[in-house]
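J.:
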Amino acid sequence: MGIFLVVLFLFIHVNAQDDTAPAKSFPAFIPQDNYLVDCGATSPTTLPGNKVFQPDQNAAKYLSYSGNDIQASALEKINVPSTIYLSAKIFTTEATYTFHCTSPGLHWIRLHFLPFKYNEYDLKSAKFSVQTDTLVLLRDFQIGKEEAIVKEFIVNVTTEHYAIKFEPAKGSVAFVNALEFVTIPGKMLDYSIPVLFPVSQKFDLAKSNFETIYRLNVGGPLLDSTNDTLGRNWMSDAHFRNNATGQEVSTQPSAVNYLKSGGSPLIAPPAIYSSAINMADSETTLPNFNISWTMDIETAYPHLIRLHFCDIISKALNELYFNVYINDKMAISGLDLSALTNHLSTAFYKDFVVDSSMVSNPLVVRVSPVNDAQGFRNAILNGLEVFRMNNSVGSLDGEYGVDGQKQSGPSKTVAYVGFAMMFGAFVGLGAMAVKWQKRPQDWQKRNSFSSWLLPVHAGDTTFMSSASRKSQFFWSNMGLGRYFTFAELADATRNWEPSEIIGVGGFGNVYYGELDDGTKVAVKRGNPQSEQGLNEFQTEIQMLSKLRHRHLVSLIGYCDESAEMILVYEFMQNGPLRDHLYGKNIPHLSWKQRLDICIGAARGLHYLHTGASTGIIHRDVKTTNILLDENFDAKMADFGLSKDGPNSEQTHVSTAVKGSFGYLDPEYFRKQQLTDKSDVYSFGVVLLEALCARPAINPALPREQVNLAEWAMQWKRKSLLDKVIDPTLVGQVDPESLKIFVEAAEKCLAEYGVDRPTMGDVLWNLEYALQLQEASLQGKADGENKPISPATIAPAPVVVFPTDNQHISSSEQHRNPTEIQAIDENSGTAM
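With the working numbering applied, the sequence shown covers 341 to 1171.
(1) Taking the alpha-carbon of arginine 865 as reference, which of Trp836, Thr552, Val893 and Glu970 has the nearest alpha-carbon?
(2) I'd like the span of the alpha helix (DSSP H) that includes threonine 498, first residue to last.
(3) Where do the N-terminal and C-terminal ends of the beta strand (DSSP E) with cysteine 899 fall, by residue?
(4) Which value, in whole angstroms, describes the spacing of the CA atoms of aspartate 359 and asparagine 597?
(5) By alpha-carbon positions, which one of Ile652, Ser632 and Ala656 ends up nearest to valine 707?
(6) With three or more C-beta pairs closer than 8 Å as the rule, is the region 925-936 touching the region 888-905?
(7) Going by beta carbon distance, what residues of the same chain come within less than 7 Å of aspartate 960, once the five residues before and after it are set aside?
(8) Given this structure, state the Cα-to-Cα distance separating glutamine 541 from leucine 703, to the nearest angstrom.
(9) Do the region 941-955 and the region 1097-1107 meet, that is, are 3 or more Cβ pairs less than 8 Å apart?
(10) Helix, strand or coil: how does DSSP classify aspartate 359 here?
(11) When DSSP builds the beta bridges, which residues end up paired with isoleucine 617?
(12) So who's on the other strand from valine 516, going by DSSP bridges?
(13) Which of the three DSSP states, helix, strand or coil, is assigned to tryptophan 931?
(14) Which of the three DSSP states is assigned to glycine 445 in this structure?
(15) In its own chain, which residues sit with a C-beta less than 8 Å from the C-beta of glutamate 1091, not counting the 5 before and 5 after it?
(16) Out of Val694, Ile653 and Gly744, which has the shortest C-alpha to C-alpha gap to threonine 686?
(17) Should isoleucine 957 be labelled buried (16 or more other beta-carbon atoms within 10 Å of its own) or exposed?
(18) Give a yes or no on whether the C-beta atoms belonging to isoleucine 494 and leucine 446 are separated by under 7 Å.
(19) Could you tell me the distance, in whole angstroms, from the CA atom of lysine 975 to the CA atom of proline 593?
(20) Could you tell me how far apart the beta carbons of aspartate 480 and lysine 464 are, in whole angstroms, since I believe they sit closer than 8 Å?
(21) Of the residues Gly586, Phe662 and Arg555, which one's Cα is nearest the Cα of phenylalanine 573?
(22) For the beta strand (DSSP E) that arginine 834 lies in, which residues bound it at each end?
(23) Looking only at its own chain, which residues have a Cβ that is under 8 Å from the Cβ of lysine 785, when we skip the five neighbours before and after it?
(24) With respect to the beta strand (DSSP E) encompassing tyrosine 851, which residues constitute its N-terminal and C-terminal limits?
(25) Would the region 1009-1021 and the region 1077-1085 be scored as touching if the rule is three or more Cβ pairs under 8 Å?
(26) Could you check whether serine 469 and methionine 729 sit closer than 7 Å to each other, using their CB atoms as the reference points?
(27) For threonine 1068 and histidine 648, I'd like the C-alpha separation in whole angstroms.
(28) I believe alanine 518 touches valine 377 by the beta-carbon criterion, under 8 Å. Please report the beta-carbon distance rounded to the nearest angstrom.
(29) Closest to alanine 1036 by C-alpha separation, out of Glu551, Leu1060 and Val1064, would be which residue?
(30) Which one or two residues does DSSP pair with tryptophan 574 in a beta bridge?
(31) When you compare the region 1014-1027 with the region 634-648, are there three or more beta-carbon pairs, one atom per stretch, that lie closer than 8 Å?
(32) In this structure, does DSSP put aspartate 1179 in helix, strand or coil?
(33) Would you check if the region 425-436 and the region 400-413 touch, i.e. whether three or more CB-CB distances between them fall below 8 Å?
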């Protein structure tokens, strides 16, 4: 199963310029608006970091208040975190602070409170509201105990003057100890943020305001405002961390670097990134092994989640990659920090919008290792921030806006989701009604179409006339095969016996099964809770409904009872190609077997690229997705990430990067432009795996050997391929066959897609390599232990790939390779 990426991968062989810088190389931020007011004080107060709070007398020009001027000070000696809490301004009627803004944009509002008793006023019982002209900050706010509290907000200022109003509740008073109104750096927030669940779209934050709910220094101590680049407070995460499986790790803050192209200490200081929590037992194989953090939130508001990462535990690049979940929804799959930053100990952060009304309280953030990780099984988190976003009436506290308007409906993202769910329910119910009215008596034996698949857009959809559309939808020629009852499949899999599981993915489990007639099958049972799995299920059905080829795994049937989503495939007895190359105690494949398998896979991919009107791009070509039947015939499998190719007017498909680490086309990564040449690149890695019998990425090896493609091509350029090929092949491989094979792999791995061959070209050359190998074996069998004569085999001075203007026709591509003339690589003419 392909790894679904919210974050993009970068191959380690891509030589990027150094894009990092230490924290000290970034200039300090000087805010244009910097209003610091020590309310109730009589003289300026200077805090560490040279923060000077002006007393009320000096700041009186900002305050509009008609009530009694009550400047309170603590009469009793109390413990305070700062001297600004020793005084307060008390309001018996409405009071407003108004600040002149020299620059529009995001601003902090920090309100400092510490209730104490002053004369007849016991501020612990004070109840009041705080709002701006358009936004409710606090509604009927009451602290109730003697403790210092900072309420921090991020507001979007669009006017020249910005007012903050304090309004006492009836029979009470309002108070504030200190107030900050300060410009925020412009790059602190990207206004277009992905919505985590359930709407896969960007959320526009341009009109949003925020309240800081949690700011956690993961794995480190409390950091007060004096230790932060922007005067923020960071709590220790210990109180919120659930699992004892995490351990604290740290390094020197001076070791932390930042990406010059997209980061700075203003996002979070080095002290945050220099500490972390990682897995205490990184060698565990338990799939539920993780570290999680639980935080209470108000479910009536959307929330912005910011996650901070910095790989301070790895000793080399590409050793660590892991998954990140928010409320059990996949947020980041296969996160590789060193691939994103191309450096260790480099700060990285990621934002998500979570519509909290669609998930239950509390909020849970979890990190866990990738189950099939080729590197160390570990996971890490350095910092975590949670911000509440205002609701539809402009309130961060309560359902009423500043004008008294009550929120009458769900939040913006909820509205999107609600519409989508209502529409889906409408279509689904309508389709179910049609299904029960129209389904014939022998419906179980026919190619019916599941109600849970109705939202899928398939290429074979047929729409009736306008009148017919009012009464029914139907899907023709879907090719979904036999309908199975849930009971039949339960019997076939011994009631879903765990020992029968032969594969696990984001969709759920794959079980080995035997039908009543003895047919062996692979049963893919979808997990309804898996958003990723549902998407990949739908994609796979779209593809399988229009694909039939002897080198593609066949769909036998399906089941759609209740909430079940089950697909039944032919069983591939010899499993994935990878198992026969390394990692399993299985007899080694001969060179001829490997050539046959690569040719079969190439034929399947060639069909995908050319068999449909626009072609299909597999997008997850790797040795685990090449399955072998009882005769070791290869078939491509797992089309969950596949995409329709570009039409005649396009050169590529623009799409988010998805795929598997170690096989990803670097040009696709850089440009997010997918073509069939992306599959060709991945297939080049497969060819090297078949030759060298080792993983595409192996972090346990010395750094220069980690990446198979880079390592093998280095030895190829030195004409020393015997240093990298599988030792079991020594003495088996005809030199000319090997030369053609390796040249084919090298062409596939070209940096730019335009320089790569088509799969038809690759197939031709692999078949030619097989002819050379078979002729060599025949010669040995006949006792001819000498080089093959030119009369026996057509000459092949170099491996041949036509350029874009010299493609072999599709009819030629399927002829016997010995019947096709070689093309001189330099002249382009037939020889």
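Ideal Cβ placement from N, Cα and C applies to all residues, glycine included.
T.: Looking at the atomic coordinates:
(1) Taking each of Trp836, Thr552, Val893 and Glu970 in turn and checking the Cα distance to arginine 865, the smallest one comes out for Trp836.
(2) Run containing threonine 498: none; DSSP gives neither H nor E here.
(3) Note, cysteine 899: beta strand (DSSP E), 895-899.
(4) So the alpha carbons of these two residues sit roughly 10 Å apart.
(5) Just measuring C-alpha positions, the residue of Ile652, Ser632 and Ala656 sitting nearest valine 707 is Ser632.
(6) Between the region 888-905 and the region 925-936 there are fewer than three C-beta pairs closer than 8 Å, too few to call the two in contact.
(7) Excluding sequence neighbours, aspartate 960 sits near Gly342, Asp978, Leu981, Gly999 and Ser1000.
(8) Confidence at glutamine 541 is low in this model, with a pLDDT of 49, below 50, so its placement is unreliable and the value that follows should be read with caution. Using only the alpha carbons, I get a separation of about 21 Å.
(9) Taking 8 Å as the limit for Cβ pairs, the verdict is that the region 1097-1107 does touch the region 941-955.
(10) Of the three classes helix, strand and coil, the one that applies to aspartate 359 here is coil, per DSSP.
(11) According to DSSP, which records beta bridges pairwise, isoleucine 617 is partnered with Glu588 and Leu721.
(12) As DSSP reads the structure, valine 516 sits in a beta bridge with Lys429.
(13) Here tryptophan 931 sits in helix by DSSP.
(14) Here glycine 445 sits in strand by DSSP.
(15) Same-chain partners within the cutoff: Pro1006 and Glu1007.
(16) Here the closest residue by C-alpha is Ile653.
(17) Per the 10 Å Cβ criterion, buried.
(18) Against a cut-off of 7 Å, the Cβ pair of leucine 446 and isoleucine 494 comes out as a contact.
(19) One C-alpha to the other measures close to 51 Å.
(20) The beta carbons of aspartate 480 and lysine 464 sit about 15 Å from each other, so the pair does not count as a contact at 8 Å.
(21) Going by the sequence as given, residue 573 is asparagine instead of phenylalanine. Taking each of Gly586, Phe662 and Arg555 in turn and checking the Cα distance to asparagine 573, the smallest one comes out for Arg555.
(22) Counting along the chain, no beta strand (DSSP E) covers arginine 834, and no H or E run does either.
(23) Confidence in lysine 785 is poor, its pLDDT being 32 and thus under 50, which makes the residue's placement too unreliable to answer from.
(24) Per DSSP, the unbroken beta strand (DSSP E) holding tyrosine 851 starts and ends at 848-854.
(25) Taking 8 Å as the limit for Cβ pairs, the verdict is that the region 1077-1085 does not touch the region 1009-1021.
(26) Their beta carbons are not under 7 Å apart, which means methionine 729 does not touch serine 469 by this criterion.
(27) Looking at the two C-alpha atoms, the distance is approximately 46 Å.
(28) Correct: roughly 6 Å between the Cβ atoms.
(29) The residue with the shortest Cα to Cα distance from alanine 1036 is Val1064.
(30) Residue pairing of tryptophan 574 in beta bridges, as defined by DSSP: Leu563.
(31) Between the region 1014-1027 and the region 634-648 there are fewer than three C-beta pairs closer than 8 Å, too few to call the two in contact.
(32) Lying before the first or after the last residue shown, residue 1179 is absent from the chain, which here runs from 341 to 1171.
(33) Touching, yes, given that three or more Cβ pairs across the two stretches are closer than 8 Å.
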